[in-house]
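Only one structure is covered here, and it is reproduced in the block below.
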Amino acid sequence: MSGDQLSTGKVSVVMTVGLNGHVAGAKIVGGSSEELIRVVKTNTLGAVANWIFAPATRPDGKPAAVRMSVEFNFHRSNFRGLNGVPIHN
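All you need for the numbering used here is the position in the sequence shown, starting with 1, plus 54.
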């Protein structure tokens with residue numbers, strides 16, 4: 055697989071947003087290739103674990119935990135950190 059193919063593609067993550075708005079149980083459930091998943095897994099799940107949402111609410115206004123999915127699109131330019139160093143796992 056070429057470098058361009060490796061660093062371009064999609065990864066799907068499912069997670070639960072708890073009553074407090076914090077993410078729990080995030081896992082990668084699919085992607086463009088196993089190799090792409092291997093390269094981005096740690097950083098993707100680490101980022102998602104830091105997300106905080108406003109909790110979902112029921113019709114009575116009480117908070118509710120919800121299951122959600124997110125699709126990440128990776129492109130070659132995504133594979134450099136803020137300091138320009140390539141991100142690899």
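Don't be surprised by glycine CBs; every beta carbon is placed ideally from N, CA and C.
Residues in the same chain with beta-carbon distance under 7 Å from residue i, minus the five sequence neighbours each way, listed in chain order, please.
i      : result
Gly75  : Ile106, Phe107, Ala108, Pro109
Ala119 : Thr70, Val71, Gly72, Leu73
Glu125 : Lys64, Ser66
Ala103 : Val77, Ala80
Thr111 : Pro117, Ala118
Can you give me the Cβ contacts of residue i inside the same chain, cut-off strictly under 8 Å, excluding the 5 residues immediately before and after it?
i     : result
Ile82 : Val65, Ser66, Val67, Ile91, Lys95, Thr98, Leu99
How would you label residue i, buried or exposed, when you count the other beta carbons within 10 angstroms and need 16 or more for buried?
i      : result
Met69  : buried
Ala80  : buried
Gly85  : buried
Gly138 : Note that Gly138 has pLDDT 49, beneath the 50 cutoff, so the model's placement of it is unreliable and the number below is only indicative. Under this definition Gly138 is an exposed residue.
Spell out whether any CB of chain D is found under 9 Å from the CB atom of residue i.
i     : result
Val68 : Looking for chain D here will not work: only one protein chain is present.
Could you please give the first and the last residue of the uninterrupted alpha helix (DSSP H) stretch that includes residue i?
i     : result
Thr70 : Note, Thr70: premise wrong, no alpha helix (DSSP H); beta strand (DSSP E) at 63-71.
Ile91 : 88-103
Between which two residues does the beta strand (DSSP E) holding residue i run?
i      : result
Lys81  : 77-85
Asn74  : Unbroken run through Asn74: none, as it is neither H nor E.
Phe126 : 120-128
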